Every structure is written in C-alpha cells, then in structure tokens.
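Protein chains in written order, with full-length UniProt numbering: chain Y, 1 to 386; chain C, 1 to 386.
Glycine included, every Cβ here is placed at the ideal spot set by N, Cα and C.
Keep in mind it's a predicted model, so treat the numbers as computed, not measured.
Below is one structure, written out as structure tokens, with a few remarks after it.
2 protein chains.
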Amino acid sequence: MSSESATGNNVAAVSAAPTPTPSIGSSTAPPPAASPFMKGNVIDGKAVAAKIREETAAKVAELKAKYSRVPGLAVVIVGERKDSQTYVRMKRKACEEVGISSFGADLPETATQEEVLEVVRGFNSNPDVHGILVQLPLPKHIDEQAVLGAISVEKDVDGFHPLNIGRLAMKGREPLFAPCTPVGCMELLERCNITIKGKRAVVVGRSNIVGMPAALLLNKRDATVTICHSATKDMESIVRQADIIIAAAGQPQLVKGSWVKPGAAIIDVGTNPVDDPTKAAGYRLVGDANFEECKAVAGAITPVPGGVGPMTIAILLRNTLVSGERFITGKLQCPVAEDMKAGCSKKGPLSRLLPEKEHLGPWSLVAAGSLLAAGALQRVFTSRRQ
Amino acid sequence: MSSESATGNNVAAVSAAPTPTPSIGSSTAPPPAASPFMKGNVIDGKAVAAKIREETAAKVAELKAKYSRVPGLAVVIVGERKDSQTYVRMKRKACEEVGISSFGADLPETATQEEVLEVVRGFNSNPDVHGILVQLPLPKHIDEQAVLGAISVEKDVDGFHPLNIGRLAMKGREPLFAPCTPVGCMELLERCNITIKGKRAVVVGRSNIVGMPAALLLNKRDATVTICHSATKDMESIVRQADIIIAAAGQPQLVKGSWVKPGAAIIDVGTNPVDDPTKAAGYRLVGDANFEECKAVAGAITPVPGGVGPMTIAILLRNTLVSGERFITGKLQCPVAEDMKAGCSKKGPLSRLLPEKEHLGPWSLVAAGSLLAAGALQRVFTSRRQ
Chain Y
1 MSSESATGNN VAAVSAAPTP TPSIGSSTAP PPAASPFMKG NVIDGKAVAA
51 KIREETAAKV AELKAKYSRV PGLAVVIVGE RKDSQTYVRM KRKACEEVGI
101 SSFGADLPET ATQEEVLEVV RGFNSNPDVH GILVQLPLPK HIDEQAVLGA
151 ISVEKDVDGF HPLNIGRLAM KGREPLFAPC TPVGCMELLE RCNITIKGKR
201 AVVVGRSNIV GMPAALLLNK RDATVTICHS ATKDMESIVR QADIIIAAAG
251 QPQLVKGSWV KPGAAIIDVG TNPVDDPTKA AGYRLVGDAN FEECKAVAGA
301 ITPVPGGVGP MTIAILLRNT LVSGERFITG KLQCPVAEDM KAGCSKKGPL
351 SRLLPEKEHL GPWSLVAAGS LLAAGALQRV FTSRRQ
Chain C
1 MSSESATGNN VAAVSAAPTP TPSIGSSTAP PPAASPFMKG NVIDGKAVAA
51 KIREETAAKV AELKAKYSRV PGLAVVIVGE RKDSQTYVRM KRKACEEVGI
101 SSFGADLPET ATQEEVLEVV RGFNSNPDVH GILVQLPLPK HIDEQAVLGA
151 ISVEKDVDGF HPLNIGRLAM KGREPLFAPC TPVGCMELLE RCNITIKGKR
201 AVVVGRSNIV GMPAALLLNK RDATVTICHS ATKDMESIVR QADIIIAAAG
251 QPQLVKGSWV KPGAAIIDVG TNPVDDPTKA AGYRLVGDAN FEECKAVAGA
301 ITPVPGGVGP MTIAILLRNT LVSGERFITG KLQCPVAEDM KAGCSKKGPL
351 SRLLPEKEHL GPWSLVAAGS LLAAGALQRV FTSRRQ
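Below, the structure is given as structure tokens:
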C-alpha cells in the first residue's frame, strides 16, 4: 500500500522533473543533467571539494596581492581524542594549502571552562583571526553551549551560532555563515545540476550541525522540505516521495534501495564504522544509505567516503575566506551562493548586515560604528600587517 | 493517482492514530479525545484564550501580592492605520484585564527611523517594561529589521528576534520567547488533546511570524513536519497526508475539503476579508481553509473568526508575564509549556539561559553579573515601586 502510494507520488513528482527517470534496477541512472563532477550516477565529492578549494585559493591570493593580508582561521582543540586531533590536523593543513593562515590552541583534557573561554576571547579580539572553530566534542566538564556561544558571531565560520541559525531560518534574512556540511550538501546538488526549487526534499535527521540547517537551506532554495527523525512513523513511505534525500541520521545503511524513488538524488552525510575483518583496520566506513542498493535506483548519489566528507573542510575554508574578505576589505561580502542573494543586495559596512542589538562581540561594536568604524578597522589592520 | 497515494498514506497514518477517524462526509467528526474546548469537531479558540488569560491574570496577581510589582508591556505604533490602531487598542485593553501594566508610544506616520529606535531603546532600559511590541507593518521609510532587531532580546515577547528563532530551531536550546500566534496554535492542539508527537504535520506558508516558527515548534514536539509554500508542487497530495494542518498562507479558502485526510486537525491561521454584500461592512472574514468543506472531513478544525485569532493576544500576555517573572523574581522561569522543559532544567539567574555573547541589550549586561546583578536588579526594582 505504501509502495503504491509512493508510486503515486512519484508519477506526480517525476512528471515535473526535468529529465526522465531510470527504471528501478538500472545501475547507470543518468544525472538530471551532465556534470563534470559525476561518474555515472555517482557524485564525486572529492572533485567538487577540490574545485571549491581551488576557487578559494585564487581569492585568497587576490586578497593578499591587493591588501598584503590573508584570512586567518583559529582552531581550538581540548583533550587528546585521536579522531579530533586528526580532523584538526587536516583542517590546519587545508588552510596552508589555500594560503589561509592557521592559528592553533591545543588545550589539555584537564583545561577548565574558563581557560577555554579565555582562548576563544583571545581569538575574538585578534584582528588576524577571521574564523574561530572549536573542535567538538568537548570534554564532559565543559559547557559546549557556553563555549560556542562565546565565539564572536562574525567569526563563527562554523555557522553554529543561534543568531546565524535564526537568520538561516528567516525569510529576508541571511546568516553571516551557514554550517559547513549542509552548505557542502547544497554545493554538491548545485554543481551536479540537480534542481532544488520546487522539488520534494526529505532530510533524515535533525541535528543542529547537519539535519536542521540542511532543511533550512533547502527551504531557502524553495524545495518542499520534510524533516524525519526518531519519532517519525512510516519513514520509508515519506523518503520514497523525495526527489532529494539528505541522509544524516547517523545510522548505518538506514536508507534502503526500496526507500528511494527512481531518479532521486541522495546526499549521504553518514560516516559509520562497521566491522570488516577484510580491512587492515578491522572496520570500514559506511553511510546512512545502503550504497549499492540505492545506487541502483538513484539518479545521483554520494559515496562514503569521498562524497560529503571532503566538502565540509572546503566550505570551512570558503567561510573563512568570506569572513577574511569582510574584515580585510571592510566591505560586506555575500557569505554563500544562491540563497544569499538577498543578503548581497544590502551594500555597505558589516554593521548593515546585522540590525542593532544583533551585533555581538568586540568586532560588532567596532563595526557598529559603520563607515567610521570600518575606517578605524582598516587602520588597525594596516598597523598589524606582517 | 495522487488521491490513491494519499489514501495509501492515510491508512498507514490512521492506523497509528489513537482514535478511529470518521468517514468522509461525517459532519460530527469527534475530536481525538474529549475536550471542554471543542463543540463537535470545532475548536473554540475564544474559550482556550479565555482560559489562558485567566491563568495569566492569576499569576500576575501572585506576583503583585509577593513583590508589589506587575509585568509591563510596551506597545509601539507608528502611523494611523485603522487596523493597526484597533489591534493596539485590543492589546492594551487585554493587558488591563489581566493586571499587566501597559505602556504606549504612538508615533506619527512621519516619524523618522531614529525616532522609533529612540522609543524602543527607552523601553529597553525601562525596568517597569518587560515586554516590547512594535505593531507591524511599519511605514515604508522605516527599516523593520532594524527596529525589531533593536528590541532587547529579553523583552522580545513577540519572539521575532533571530536569536529566539535560532534557539527555537536548535535541539537542546530554548528561546526566551516563541512567536505568539504559532504558540497559540500549539496550545489549541494540546488543550484539545490532539497528539502531536509522531504525527505528520503540514504547514502551509513559511512566514517569519507564523509558518516557519509553527514548523519549528511542531518539530520540537516530535511531529514529522513538511513546509509547503508558493513553489510547492502538488500541494494537495502533500496536505492530504497530514494528521495536523497549519494553514497560514494568507490565501482565502486555499485548503479544500478534498485536501484533508479524514480525522485530521486543521488550525486555520488565515483571516482574509472577502466581499459580502449581506454584511453591514460589505465584507466578511474567511480563513485559509474552506471551513464548511473541511469541517465535514476534519477531526478538529478552528473557525475564522474565533479560532486562532483570540490566541495571539492571550499568548502575548503570557509571554509578558513570563518575562515579568524573570525580571521581578530575578530567577529563570520556563518560557512556554512542553517543549521548554530542556530550558527549565537549567536553574540559576537569567545569565544562565543565554550563553556568553548571546547576551544582548542593557539588561543582559546586568543579568550577566548573575546573582550579584540580580540582587542589584531587585534593589532597582524596589526603589521604583509604585
């Protein structure tokens, strides 16, 4: 019955789709339109990420040539978690590769909350730092909300600040930054020429860092979005209505091939380790979708690894570039692509982007002085040039 | 085909419903459970609103008895729009009825933005004002974002501040206030014993003041939410899957009876004037749903007028009470019912509710001093007692 219902919906939705959809079982389902970033129906996240890093490096070089200054990213890590340390190393290396100067703070597991906050405040007021990232998870004795909330909103390149999430949710408003992984998902869709406007999108998962912001980004791009979660009943029939599926539940291979409407695009955000004795490590990573099953039905699908994974750091670098541009040029730049056009229409200093009282942190106070402050900012920067 | 699909989905969804649903055409569809606030399947918004105003008045009286102080609401109106003036009059009258002291500022159509901002700032720093409301729409020459953004977030009883919207969207966070009309919709559902958790909810419309916050509130209450809008294709088949329909598109009688799953609950936020020569005024108000058609199919439905309308002011009064309690008692109180429990678990002064840097406005700065500041606050208040 639910399969019938899905078929019913498919026909309606597919008739509106730009391209014919493959029959179930076709393992070479064509993408909605030719894209250099797809091999058959598999989205090459590494290639898209490389392209964005290349674009970012070029703009960093421009900034450096014009202002003799480059964007700076500060990465804060607390404790000795191996995985966190690996991520942080990758992020710092990625900065170097695109010419972004990287600032680090490695605190011991025993660091107090006040010590962590002190580090964040230091970076907030450091004019060479334009983005601040606190590697999660933090040790249990530290209040994550307090630490993330302490990051100056203009340097919140992770886009996790409630003010940025709120502006992401609101019509006619734009965040200073949107969260990196969900923006990465949008980039994969757009650079693979997958239409979002008017499409049915189902986001599986509603986390603050992926599910919810992904749903808000899809809505801003005029998709009709449904958010599924642990309390959702008959998830299968809901997912089967989707033209676009964002799988971000953190459950290995939750989305089966039978859940997927033929021709649908699947962006798989999951990276779940599952035992695999054939691997040296004894495990392998799988996504939230069953890749082989879904690949046979989908019009486009991201692999795990090599799909969404590489995008997160690429967008982090781009967010840092955008922030650096704002500070270094003293002009308002547009954070991200399509859905940010509204934001772009507002020209003027940073103070124009956030209405009074939304200004937070020392730099807001500076920015609030608008042009005058922007001038002052410039002088500060100039005096700090390396 | 789409009707088949809907039926397919209905069966799945209805089987999970707590009560049997009426057959199409039954004009006396019972509510999901007996409620004193329903007549047949029609939700009596006036009765629910009256109950909330009664509860609010009782708590205001308690505050007055214990602290010799009452919550205060400031309503700012700019220009001579008849409808706005009527709303403002109603709000001030409602304040008096529950014992909330009301502060007014009526500015001429010609007021400059700076003049309006000055008024807002004045109320921000007035310790007898705990809620500030700017009547919309504002004259075209005034930047609505700037004015709304100028309201201190702790006095944002309308819940429109992006920081409150962001916290509404985020897991593990709670806003200081949620927007009145959407909260009113939740109250209607809950007080009529309509289950939200695990249900399919469709919100038609994605405005900042109703559609989006309603979707976020439903998601926080564990409904599976779909947001429909102008770019949505085949809206009819999507709405037909809903156990709960929030109609907030501002289009007269958009939702037809044929769009409604038997037994579904319909909360109609629309109030559209349509010509009606039989009326003295020459027009009558209709909702975004075709009431007669939908009433015949729905398990519960709000009339227009007399449904959602009366709830908005009732929740505004309750939000003002909650804000007054925070300031007057110096303790953290829980903004709204069920979905706010997370917020409640945090005991302590107001500064505990918003992490560092999310504090905005003079009162935040005061609050940031935590207990010490709370003491100071108390002394200020005492010295101001009427």
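Within the stretch 224–241 of chain C, Thr224, Val225, Thr226, Ile227, Cys228, His229, Ser230, Ala231, Thr232, Lys233, Asp234, Met235, Ser237, Ile238 and Gln241 place their CB atoms closer than 9 Å to a CB of chain Y, listed in sequence order. As DSSP reads the structure, Ser35 of chain Y sits in no beta bridge. When 7 Å is used as the limit between beta carbons, Asn208 of chain C is near these residues of chain Y: Met170 and Lys171, in chain order. Judged by beta-carbon spacing, Ile52 of chain Y lies within the 7 Å limit of Ala314 of chain Y, meaning their Cβ atoms are closer than that value.
For Leu218 of chain Y, no CB of chain C lies under 7 Å from its own CB, so it is not counted at the interface with that chain.
Contacts between Arg167 of chain C and chain Y, judged by CB atoms closer than 9 Å, involve Pro162, Ile165 and Gly166 in chain order.
Ser102 of chain Y sits in a strand when the DSSP states are folded into three classes.
With its beta carbon less than 7 Å from one in chain Y, Gly198 of chain C belongs to the interface. Residue pairing for Asn272 of chain Y: DSSP places it in a beta bridge opposite Y:Val286.
Neighbourhood of Asp276 of chain C in chain Y, by CB distance below 9 Å: empty, with the nearest CB roughly 32 Å away. In chain order, Ala201 and Val225 place their CB closer than 6 Å to the CB of Leu218 of chain Y, counting only its own chain and leaving out the 5 sequence neighbours on each side.
When DSSP states are grouped into helix, strand and coil, Thr110 of chain C belongs to the coil group. Distance from Ala74 of chain C to Ala105 of chain C at the Cβ level is roughly 7 Å; contact confirmed, criterion being Cβ atoms closer than 8 Å. In the DSSP assignment, Ala265 of chain Y forms a beta bridge with Y:Ile244 and Y:Ala300. Residue contact with chain C for Asp288 of chain Y: absent (no Cβ-Cβ distance below 7 Å to any residue of chain C). Val129 of chain Y is not a Cβ neighbour of Leu321 of chain Y, given a cutoff of 7 Å. Around the Cβ of His161 of chain C, a 10 Å sphere holds 16 or more other Cβ atoms; the residue is buried.
Within a 10 Å sphere around the beta-carbon of Val42 of chain Y sit 16 or more other beta-carbons, which makes this residue buried. For Asp222 of chain Y, the chain C residues whose C-beta falls within less than 9 Å of its own C-beta are His229, Ser230, Ala231 and Thr232, listed in chain order. In the DSSP assignment, the residues bridged to Thr224 of chain C are C:Arg200. Per DSSP, the beta-bridge partners of Gly131 of chain Y are Y:Leu73. Within the model, the alpha-carbon separation for Glu190 of chain Y versus Ile196 of chain Y is close to 8 Å. Listed in chain order, the alpha helix (DSSP H) elements of length 4 or more contained wholly in the stretch 152–216 of chain C are 162–169 and 180–191. Looking at the backbone, the Cα of Lys93 of chain C and that of Pro175 of chain Y are separated by about 38 Å.
The shortest CA-to-CA distance from Glu109 of chain C to any of C:Glu118, C:Val120, C:Lys140 and C:Asn124 is the one to C:Lys140. Within 10 angstroms of the beta-carbon of Glu97 of chain Y lie fewer than 16 other beta-carbons, which makes it exposed. If you draw a straight line from the Cα of Ala247 of chain Y to the Cα of Gln253 of chain Y, it is about 9 Å long.
Within chain C, no residue has its CB atom less than 9 Å from the CB of Met38 of chain Y, the nearest being about 25 Å off. Lys171 of chain C is positioned such that its CB atom lies no closer than 7 Å to that of Asn164 of chain Y. If the five residues before and after Thr302 of chain C are omitted, its C-beta is found closer than 8 Å to the C-beta atoms of Val42, Ile43, Gly45, Leu188, Ile266, Ile267, Asp268, Gly287 and Val308, all from its own chain and listed in chain order.
Within the model, the alpha-carbon separation for Arg121 of chain C versus Ser323 of chain C is close to 17 Å.
Residues of chain C with a Cβ closer than 8 Å to the Cβ of Met311 of chain Y do not exist, since the nearest Cβ in that chain sits about 22 Å away. For Thr278 of chain C and Met311 of chain C, the gap between their C-alpha atoms comes out near 28 Å.
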